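Colleague: Residues are numbered in the numbering used here as their position in the sequence shown, beginning at 1, plus a constant of 4.
All C-beta atoms in this analysis are idealised placements derived from N, C-alpha and C, irrespective of residue type, glycine included.
Predicted model only: the values in this text are computed from it and were never measured.
The structure follows.
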Amino acid sequence: MRFLVGGINHETNTFSPIPAEMQRFRDMHYDRGQDLIDRARGTRTVIGGFIDAAEQLGVELVPSVHCFAMPSGSVTRDAWDQLIGETLEDLRVALETGPLDGLLLGLHGAMVIEGIDDGEAEYLRLVREVVGPDMPVVTELDLHANTSRETTELADLLVGYDTYPHIDMYDRAVELTELLVRLAKKEIQPAVAFRHIPILANLTAQFTGRAPMSDWVALCHEIESRPGVITATIAAGFPYADIPDTCMNVYVATDDDQALADQCADELARFAWEHREGFQATPAGVDEGVRYAMDSPGPVLLADVADNPGAGTSCDGTEILRSLIAHNARSAVIGLMFDPETVRQAVDAGVGATIDAHIGGKVDDLHGEPVEISAYVRTITDGFFINGGPMGTNSESNMGTTVVLEIGGRGGIEVICTTFRRAANDANSLRSVGIDPTQRQIVVIKSSVHYRADFTPLVREIVEVDASGLSSPNWSRFDFQRLRRPIYPLDRGMEWNVEDQTS
Ligand SMILES: [Zn+2]
């Protein structure tokens, strides 16, 4: 058998002013053809899973474009036209050069393109135009997918991650590859049920290590073990996209049993609705969090959940830094602060120099003002490291040229400034610049949940803090205009019944 592999990925925060241009894909992850296979082999990633499963099953993979850019505002039309153009070209060549038995895709589920709300449906529609209605097309999706009904109709099967932090992308990729083989052999005939659940779920409450999310995942797995069920996916959605399909959703595929699919999907949807309050969050205030971290046994990790670049924020929010300085905090580190201007200034000055820095607060006016302060240039690196934690293990990360600035002398506050906008989800992002997080009192990480996979065993305690930012759990900071209404908790008193929906 021969499958084409591809996928254009982005998680779009429509409130962000930062466009996802072609260069942002190249900076982060863009591979086409054999490079895709060569670079993903041996990694615990989606493509790494496709490769290993295909080898096990004796399937030949035809690699096209697979890419993702850091979450931000919409994908530009230029970037989209180029990426989808290359994909469709590779698809036509694959069809001409031999029989093709299926499309094995890795998409995200929350991609917005300039002028197109539903990036995944657009991708699937365009590849369907080339391969026709009968070719099996399947895709893996992120747990943050704002899946549309159209996507569920254009793809034969969807398999979403079951974990946040996303530590099962490899396993789900293996599962998806096995399912595509069975589809291509016509061993299964999917009957699909899909439900939108009108809940805006906070990212921090989507952590799958904590109830109710952990219980929802357990129910999903129990349903998948029932006879006749092929696969079930729960998606908590990506709330910072002001588009009609943004909400929680569930997807169940059975082997030719529509009634069973409907019943299982209803059960999953009902669970989410009954636990809707548990999908909200109330983090600590900034000063409260900083004082707590200073007075408690360390290391205490302060999660800057409102400035999570993995959710499309500027990653240069300064409120926690400002509070640390005001409280004379010691032995603190901030990872990571996106500030290419300060990086250049520090590189020009050199290691050992003291600079008049204007740290952070430059991308937009939503993440605090720059902090103007004298800082010592301690370290300069190329920003490259290999992920050692459970997420994307063995894959490469690149922060661009990176500097460590030290405020308040030895043992003061270290700020890791990067050239690329990146989240410190893997502790190697700190170790690669000479900082051992276990040896600090306060570790500030700009991330909502992913950091937990690697940092939880390294720190004594984690405190979620809400500074202002484009991934704030505080919905009142956002002017939603285009969500399908009513939606909880914006329409707090609303009633909803899953039986009112149809498959
Ligand atoms: Zn995600």
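List in chain order: all unbroken alpha helix (DSSP H) runs of 4+ residues lying wholly within the region 357-442.
Modeller: Those alpha helix (DSSP H) runs which fall completely within the region 357-442 and span 4+ residues are 432-435.
Colleague: What residues in its chain sit with their C-beta under 6 Å from that of Q349, if we drop five residues either side in the sequence?
Modeller: Once the five neighbours on either side are set aside, the close Cβ partners of Q349 are I359.
Colleague: Could you say which of F198, M217 and A197 lies nearest to A205 if we only look at CA atoms?
Modeller: A205 has its Cα closest to that of M217, out of F198, M217 and A197.
Colleague: Tell me R6's beta-bridge partners as DSSP assigns them.
Modeller: Paired residue(s): E64.
Colleague: Is it the case that the CB of H148 approaches a heavy atom of ligand 1 more closely than 6 Å?
Modeller: Yes.
Colleague: Which residues in the same chain as H391 place their Cβ atom closer than 7 Å to its Cβ, once the five residues preceding and following it in sequence are excluded?
Modeller: One point to set straight first is that residue 391 is Asn, not His, in the sequence displayed. For N391, where only same-chain residues beyond five positions count, the Cβ hits under 7 Å are T397, N398, S399, S401, D430 and N432.
Colleague: Using DSSP with H/G/I as helix, E/B as strand and the rest coil, what is V178?
Modeller: Reduced to three states, the DSSP call for V178 is helix.
Colleague: Could you pull the DSSP bridge partners for V256 from this structure?
Modeller: DSSP lists A197 and A236 as partners of V256.
Colleague: Using the Cα positions of Q27 and I234, report the straight-line distance between them to the nearest angstrom.
Modeller: Whole-angstrom Cα-Cα distance: 39 Å.
Colleague: Spatial neighbours of P21 within its chain, please: C-beta separation below 8 Å, excluding the five flanking residues on both sides.
Modeller: The residues are G77, V367 and D368.
Colleague: What are the complete alpha helix (DSSP H) segments, minimum 4 residues, inside the region 253-308?
Modeller: You should have 262-278 and 290-299.
Colleague: Using only alpha-carbon positions, find the residue among D291, C319, V355 and D343 that is nearest to L328.
Modeller: Here the closest residue by C-alpha is D291.
Colleague: Quick test of your reading: R6 and P103, contact by CB under 8 Å. State the CB separation rounded to the nearest angstrom.
Modeller: The Cβ separation is near 6 Å, so the contact holds.
Colleague: Please report how far the alpha carbon of D153 lies from the alpha carbon of D122, in whole angstroms.
Modeller: The amino acid at residue 153 is misidentified as Asp; the sequence shows Arg. About 10 Å.
Colleague: Can you find a heavy atom of ligand 3 that lies under 6 Å from the Cβ of Q60?
Modeller: No copy of ligand 3 occurs in the structure displayed; its ligands are ligand 1 alone.
Colleague: Would the beta-carbon of D311 fall within 7 Å of that of M341?
Modeller: No, the Cβ-Cβ distance between D311 and M341 is not below 7 Å.
Colleague: Would you kindly work out how many angstroms separate the C-alpha atoms of E182 and N332, rounded to a whole number?
Modeller: Those two C-alpha atoms are separated by around 56 Å.
Colleague: Between the Cα of H70 and the Cα atoms of D42, A222 and D386, which residue gives the shortest distance?
Modeller: Here the closest residue by C-alpha is D42.
Colleague: Can you say whether H225 is buried or exposed, counting buried as having 16 or more other CB atoms within 10 angstroms of its CB?
Modeller: By the 10 Å Cβ count, H225 comes out exposed.
Colleague: Please report the distance separating the alpha-carbon of G497 from that of A98.
Modeller: Rounded to the nearest angstrom, the two C-alpha atoms are 53 Å apart.
Colleague: Just verifying my parser: in three-state terms, what is the DSSP assignment at M173?
Modeller: Three-state DSSP puts M173 in a helix.
Colleague: Decide if the region 191-203 is in contact with the region 257-264; the criterion is three or more beta carbon pairs, one per stretch, under 8 Å apart.
Modeller: Touching, per the Cβ criterion.
Colleague: With contact counted as at least three CB pairs below 8 Å, one residue from each stretch, are the region 61-75 and the region 104-116 in contact?
Modeller: As far as the Cβ criterion goes, the region 61-75 touches the region 104-116, which means the pair count is three or higher.
Colleague: Taking three-plus beta-carbon pairs below 8 Å as touching, is the region 284-299 in contact with the region 405-416?
Modeller: Judged by Cβ distances under 8 Å, the region 284-299 makes no contact with the region 405-416, as fewer than three pairs qualify.
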